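S.K.:
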Amino acid sequence: MATRPEGTSTEIRIDPSSLYQEEIFTDRRVGTIRRLTPVGKDGERDQARAVLYVGETQVLTPAGALPIAFEIGAGSLEEAADKFGQLAKEAIERTVKELQELRRQAASSIVIPQGGLPPAGGMGGGGKIQMP
């Protein structure tokens, strides 16, 4: 969201041709559904763009609550609510796999001592104690 394409200015601006009105629906138990209705510069419904639905839930981890958001391809709020459970499950599974991969990568990373690698065929003199 905060990244900018190459060659653009550093000015922060909202694109008036990409505005959405956001509504939040929740069962106060499992998660929320955000309905994003496209609007024009005047705030009126933009019929040329589709309404978007985004599901949000969270899972508890040892580090605390981890928010998970996912798009719901739906034509109505009722359809989005019907699809919520399955899509939330898939998003959680995908997130768990990504976390496991990050953990695996971190565990297999090679740590090189500050003095560098020893010369081939011998022990390095990388310590700070020097014999006279």
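In case it helps, our numbering puts the sequence shown at residues 1 to 132.
By construction, the Cβ of each residue, glycine as well, lies at the ideal position given by its N, Cα and C atoms.
Computed from a predicted model, the values in this text were never measured in an experiment.
1) For Arg35, which of Leu99, Gln100, Ala88 and Ala81 has the nearest alpha-carbon?
2) Determine the direct distance from the alpha carbon of Arg94 to that of Ile33, and round the result to whole angstroms.
3) If we ignore side chains and look at the alpha-carbon of each, how far apart do Ala74 and Asp27 end up?
4) Whose CA, out of Glu22, Ala69, Val39 and Gln100, lies closest to the CA of Glu90?
5) Round the Cβ separation of Ile72 and Gly85 to the nearest angstrom and send it over; I've been treating them as touching at under 8 Å.
6) According to DSSP, is Pro62 helix, strand or coil?
7) Taking the beta strand (DSSP E) that Glu22 falls in, what are its first and last residues?
8) What did DSSP end up calling Arg104 once you bin it into helix, strand or coil?
9) Leaving out five residues before and five after Val51 in sequence, what residues of the same chain have Cβ atoms less than 6 Å from its Cβ?
M.R.: Short version:
1) In terms of CA proximity to Arg35, Ala81 leads the group Leu99, Gln100, Ala88 and Ala81.
2) 19 Å
3) Between the alpha carbons of Ala74 and Asp27 lies a gap of roughly 18 Å.
4) In terms of CA proximity to Glu90, Ala69 leads the group Glu22, Ala69, Val39 and Gln100.
5) With a Cβ gap of about 11 Å, Ile72 and Gly85 do not count as contacting.
6) coil
7) Per DSSP, Glu22 belongs to the beta strand (DSSP E) from Leu19 to Thr26.
8) helix
9) Thr37
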